[in-house]
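full-length UniProt numbering applies: residue 1 is where the sequence shown begins, and numbers increase by one.
C-beta atoms are modelled at their ideal positions from N, C-alpha and C, and glycine is treated no differently.
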Amino acid sequence: MNKKKKPFLGMPAPLGYVPGLGRGATGFTTRSDIGPARDANDPVDDRHAPPGKRTVGDQMKKSQAADDDDEDLNDTNYDEFNGYAGSLFSSGPYEKDDEEADAIYAALDKRMDERRKERREQREKEEIEKYRMERPKIQQQFSDLKRKLAEVTEEEWLSIPEVGDARNKRQRNPRYEKLTPVPDSFFAKHLQTGENHTSVDPRQTQFGGLNTPYPGGLNTPYPGGMTPGLMTPGTGELDMRKIGQARNTLMDMRLSQVSDSVSGQTVVDPKGYLTDLNSMIPTHGGDINDIKKARLLLKSVRETNPHHPPAWIASARLEEVTGKLQVARNLIMKGTEMCPKSEDVWLEAARLQPGDTAKAVVAQAVRHLPQSVRIYIRAAELETDLRAKKRVLRKALEHVPNSVRLWKAAVELEEPEDARIMLSRAVECCPTSVELWLALARLETYENARKVLNKARENIPTDRHIWITAAKLEEANGNTQMVEKIVDRAITSLRANGVEINREQWIQDAEECDKAGSVATCQAVMRAVIGIGIEEEDRKHTWMEDADSCVAHNALECARAIYAYALQVFPSKKSVWLAGDVPAARSILALAFQANPNSEEIWLAAVKLESENNEYERARRLLAKARSSAPTARVFMKSVKLEWVLGNIEAAQELCEEALRHYEDFPKLWMMKGQIEEQEGLTEKAREAYSQGLKKCPHSTPLWLLLSRLEEKIGQLTRARAILEKSRLKNPKNPGLWLESVRLEYRAGLKNIANTLMAKALQECPSSGVLWSEAVFLEARPQRKTKSVDALKKCEHDPHVLLAVAKLFWSERKITKAREWFHRTVKIDSDLGDAWALFYKFELQHGSEEQREEVRRRCENAEPRHGELWCAVSKDIAHWQRKVGEVLVLVAARIKNTF
Numbered sequence: 001m002n003k004k005k006k007p008f009l010g011m012p013a014p015l016g017y018v019p020g021l022g023r024g025a026t027g028f029t030t031r032s033d034i035g036p037a038r039d040a041n042d043p044v045d046d047r048h049a050p051p052g053k054r055t056v057g058d059q060m061k062k063s064q065a066a067d068d069d070d071e072d073l074n075d076t077n078y079d080e081f082n083g084y085a086g087s088l089f090s091s092g093p094y095e096k097d098d099e100e101a102d103a104i105y106a107a108l109d110k111r112m113d114e115r116r117k118e119r120r121e122q123r124e125k126e127e128i129e130k131y132r133m134e135r136p137k138i139q140q141q142f143s144d145l146k147r148k149l150a151e152v153t154e155e156e157w158l159s160i161p162e163v164g165d166a167r168n169k170r171q172r173n174p175r176y177e178k179l180t181p182v183p184d185s186f187f188a189k190h191l192q193t194g195e196n197h198t199s200v201d202p203r204q205t206q207f208g209g210l211n212t213p214y215p216g217g218l219n220t221p222y223p224g225g226m227t228p229g230l231m232t233p234g235t236g237e238l239d240m241r242k243i244g245q246a247r248n249t250l251m252d253m254r255l256s257q258v259s260d261s262v263s264g265q266t267v268v269d270p271k272g273y274l275t276d277l278n279s280m281i282p283t284h285g286g287d288i289n290d291i292k293k294a295r296l297l298l299k300s301v302r303e304t305n306p307h308h309p310p311a312w313i314a315s316a317r318l319e320e321v322t323g324k325l326q327v328a329r330n331l332i333m334k335g336t337e338m339c340p341k342s343e344d345v346w347l348e349a350a351r352l353q354p355g356d357t358a359k360a361v362v363a364q365a366v367r368h369l370p371q372s373v374r375i376y377i378r379a380a381e382l383e384t385d386l387r388a389k390k391r392v393l394r395k396a397l398e399h400v401p402n403s404v405r406l407w408k409a410a411v412e413l414e415e416p417e418d419a420r421i422m423l424s425r426a427v428e429c430c431p432t433s434v435e436l437w438l439a440l441a442r443l444e445t446y447e448n449a450r451k452v453l454n455k456a457r458e459n460i461p462t463d464r465h466i467w468i469t470a471a472k473l474e475e476a477n478g479n480t481q482m483v484e485k486i487v488d489r490a491i492t493s494l495r496a497n498g499v500e501i502n503r504e505q506w507i508q509d510a511e512e513c514d515k516a517g518s519v520a521t522c523q524a525v526m527r528a529v530i531g532i533g534i535e536e537e538d539r540k541h542t543w544m545e546d547a548d549s550c551v552a553h554n555a556l557e558c559a560r561a562i563y564a565y566a567l568q569v570f571p572s573k574k575s576v577w578l579a580g581d582v583p584a585a586r587s588i589l590a591l592a593f594q595a596n597p598n599s600e601e602i603w604l605a606a607v608k609l610e611s612e613n614n615e616y617e618r619a620r621r622l623l624a625k626a627r628s629s630a631p632t633a634r635v636f637m638k639s640v641k642l643e644w645v646l647g648n649i650e651a652a653q654e655l656c657e658e659a660l661r662h663y664e665d666f667p668k669l670w671m672m673k674g675q676i677e678e679q680e681g682l683t684e685k686a687r688e689a690y691s692q693g694l695k696k697c698p699h700s701t702p703l704w705l706l707l708s709r710l711e712e713k714i715g716q717l718t719r720a721r722a723i724l725e726k727s728r729l730k731n732p733k734n735p736g737l738w739l740e741s742v743r744l745e746y747r748a749g750l751k752n753i754a755n756t757l758m759a760k761a762l763q764e765c766p767s768s769g770v771l772w773s774e775a776v777f778l779e780a781r782p783q784r785k786t787k788s789v790d791a792l793k794k795c796e797h798d799p800h801v802l803l804a805v806a807k808l809f810w811s812e813r814k815i816t817k818a819r820e821w822f823h824r825t826v827k828i829d830s831d832l833g834d835a836w837a838l839f840y841k842f843e844l845q846h847g848s849e850e851q852r853e854e855v856r857r858r859c860e861n862a863e864p865r866h867g868e869l870w871c872a873v874s875k876d877i878a879h880w881q882r883k884v885g886e887v888l889v890l891v892a893a894r895i896k897n898t899f
């Protein structure tokens, strides 16, 4: 195909195409429309034309005259309804009768137009729509393609090639004329090459002049010689050193001339001259034109409204930004003259002026605004001497005695005794300031502080801080029995004065008391407000949340107070007894045993406490007592597990047999029995244990999985497959069993059968996130993305699907997106240990140390307990004492990047 041939040649034009419309070439007449150009003297085509019409010029003159005399009766000027556009009688006189007739006709036209207006507009609208349908705009033709642009991904956008420059290289890269300064060495080199032109002819010295080679030449009457100049006598080179010295001498002379004025004062500092020049360079990054526009606008504002303070402030700050500090100072000082009552203008002037001048400006401001607190504060800040600051603030307090800010600033500068005196005066001037009353109470003795706080309550009966401070004061002086009374009176008094008791605010105050060491006050506040504003059915749940929040804020005494109060209200609730993870856990559990002697939860909590502290004998004794007083399946299971993890296999087997005699329908006991036998290498006994367990517990998925994996482990693949098929018949729509069946075939290398089973599984369990997450990675890499979209449509908020999407992005090395989806997964289900392990593994490979520690810390706080990979490690007896963080590291180490 010829590359130079345009691709659109020979193709029909698109719908609505108008030639030349794109470049504006419409609505003109070409020469082809009106014929060839004719000269005025050319003869006309009619050979028998009468005289006066035989040339083109004659006919043009005649036609112009006719146009001037006659009306324009051309067909193009005719309309079927209105007739000709012009008036047929325009040449006649226009009289009053004509004017009245025109007015009548105009009124009729207006009336008729109003009658048909709606119908005409509807018809025009329909015609326009029909026209748009027949000849749509180019924008409308491409609207469907524009909508599809929303589906274009960022990677596809970035892969679009840049439009190249079609011009040739010379047009793209024009060579500009480059001017380079010539160094001094260039001149020196060429002076050396031109020495033969600078020497004197020897005949000049012989004859005393220059002899011309032609007859009749003139001998110069003067002897020849070289004029002294910049040439050195020996070589004829320029002396660059002397040129530099001359330049420096000239600069010194100019500076010395400018530095001394007529009055003898120094105008220019020669040493700081260059520094001043550098300071004149503007430091702003804006455009010069923008600054000129801003300056012009602000000037217009100042001239239009000279008493508008923001205009002067903005103008001064503009000049300050552009480096013209003196102009800014002049402007703001003029602003103080025009707006002497504006506090902001005076403060801006004080900011822009240097030290002593700023003090004078503030003094002038005080004379104009003697009640301005901010100006007095600024005046105190400008003073460097402490005594001067005190003097300024005391003067300010004479003029504005009711300013809390001034009193606080003045008190901060005083010694404790003087501060106490000033505060006693301050509370008289500002009796509604809680801060001043509390500050005075802190400085007074115990008795005086009680009096101060009583006065404060009289003046401000609606503030809770005064009551809490009074309670803390009594506690600090040993009157703990008064604390409860003060807090109760506070609640009663505040309610009487119309104050709403905000429970969250009081709990926050109690936490502050806890951190300050006021334990009795903290507990009294908690007891007083813990039950306010809570529905009866929500009490237990809300109190447990409050206790957890206090523990998170490190306010342990508040948490103890909440638990103690909750136990008074709910003495038989086991979850309350087990909630407080505090140092006094044993004593709390002892109280729990008294209140709930046969509670399985409390027995197991006590066993866990002892086993975690390596007190195995005490744990054994507790379990023995529990088996006698509260014999449950879980108690037996914990007993078997304790002996198992400690290595007492025989004792564990005996306990397991005893437990199965009592609780043969508890599947975990059968699982433990089979696992112990499997650990000892007794495959037949393990198979028998699992089989017996399935007879008693046919709906236990873990038992089916353990038996199937045992058969697979010893090479009985057909038997394992049969076991799983039987399990699916007895437990239909079970995603765990379907998943194990798919994985069994996949591990055996039968990928086609695995895909077939997965399709059946998804038909039976269409909303199973575990199956969808496995289906994503059964697909080939190009189809995984599509499969993940289908999975998200079916299970939008399933953590397994979200985890699969995160792994998919990880496999495609889209680090940011993968991290975002990992965050989303652990946020939806923080109990899924597999998500935390994969997230940690991801950060080990692609994250920083801080990100890894953040994931580990969040995992330890969440304490996950579920997940296939997680349980395989955490429930392994080799890791029974591992903490959450250690289990996280072990699980992450087992994960391989094979997806």
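Closest by CA to residue i, which one among the options?
i, options, result
"residue 792", "773, 782, 777", "773"
"residue 556", "511, 525, 528, 142", "511"
"residue 372", "559, 23, 395, 354", "395"
"residue 528", "499, 483, 544, 498", "483"
"residue 710", "671, 746, 734, 698", "671"
"residue 293", "338, 315, 308, 118", "315"
"residue 727", "344, 21, 712, 705", "705"
"residue 763", "770, 733, 673, 747", "733"
"residue 650", "379, 625, 679", "679"
"residue 559", "523, 398, 154, 691", "523"
"residue 351", "379, 501, 808", "379"
At what residues does the alpha helix (DSSP H) containing residue i begin and finish?
i, result
"residue 17", "Note, residue 17: premise wrong, no alpha helix (DSSP H); not H, not E."
"residue 513", "503 to 516"
"residue 644", "633 to 645"
"residue 666", "Note, residue 666: premise wrong, no alpha helix (DSSP H); not H, not E."
How long is the line joining the alpha carbons of residue i and residue j, rounded to whole angstroms?
i, j, result
"residue 461", "residue 318", "50 Å"
"residue 95", "residue 108", "20 Å"
"residue 490", "residue 467", "6 Å"
"residue 871", "residue 550", "31 Å"
"residue 804", "residue 434", "58 Å"
"residue 204", "residue 247", "Its pLDDT being 48, under 50, residue 204 is placed unreliably by the model, and nothing is read from it."
"residue 667", "residue 703", "7 Å"
"residue 261", "residue 359", "Residue placement at residue 261 is flagged as unreliable, the pLDDT there being 45, under the threshold of 50; a coordinate-derived value is accordingly withheld."
"residue 887", "residue 873", "7 Å"
"residue 503", "residue 531", "9 Å"
"residue 802", "residue 831", "14 Å"
"residue 910", "residue 836", "Residue 910 is absent from the structure shown; the chain starts at 1 and stops at 899."
"residue 306", "residue 408", "37 Å"
"residue 481", "residue 861", "39 Å"
"residue 901", "residue 472", "No information on residue 901 is available, as it lies outside the stretch 1 to 899 that the chain covers here."
"residue 718", "residue 738", "16 Å"
"residue 364", "residue 385", "21 Å"
"residue 452", "residue 477", "16 Å"
"residue 281", "residue 323", "Bear in mind that a pLDDT of 48 at residue 281, under 50, signals an unreliable position, so the number given afterwards is only what the model happens to contain. Approximately 7 Å between the Cα atoms of the pair."
"residue 688", "residue 721", "18 Å"
"residue 443", "residue 469", "13 Å"
"residue 894", "residue 759", "29 Å"
"residue 533", "residue 493", "18 Å"
"residue 653", "residue 743", "32 Å"
If we define contact as Cβ-Cβ less than 7 Å, is residue i a contact residue for chain B?
i, result
"residue 556", "The structure shown has no chain B; it contains just one protein chain."
Rounded C-beta distance between residue i and residue j? I'm assuming under 8 Å.
i, j, result
"residue 708", "residue 740", "6 Å"
At what residue ranges does the segment 105 to 157 contain a whole run of the alpha helix (DSSP H), taking only runs of 4 or more? Counting only runs of 4 or more, we get 117 to 134, 138 to 141, 143 to 148.
Continuous beta strand (DSSP E) assignments of at least 3 residues falling wholly in the segment 289 to 332: none
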